[in-house]
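The structure appears right after this line, and notes come after that.
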Amino acid sequence: NGSKLKEGRFRLDIRKKFFTMRVVKHWHRLSREFVDAPSLKVFKARLDGALSNLV
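Note that this note's numbering has the sequence shown beginning at 871, numbered continuously upward.
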């Protein structure tokens, strides 16, 4: 998708549950449609829609 992020290391396992940590883990596999979302609300809606199709 052209935008690269690095996943940080954290001491607490609880941080893995944060939205940002979950997104960074899968960021490089997301299509441009998700990455270029105009707002966080739109990004979450698109992501939820895509993930619901997988289940």
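Ideal Cβ positions, reconstructed from N, Cα and C, are used throughout, including at glycine. Here the structure is a predicted model, which is why all the values come from computation and not from measurement.
Contact between Phe-913 and Ala-920 fails: their C-beta atoms lie close to 11 Å from each other, not under 8 Å. DSSP, read as helix, strand or coil, puts Leu-900 in coil. In the structure shown, Ala-907 falls within a coil segment according to DSSP collapsed to helix, strand and coil.
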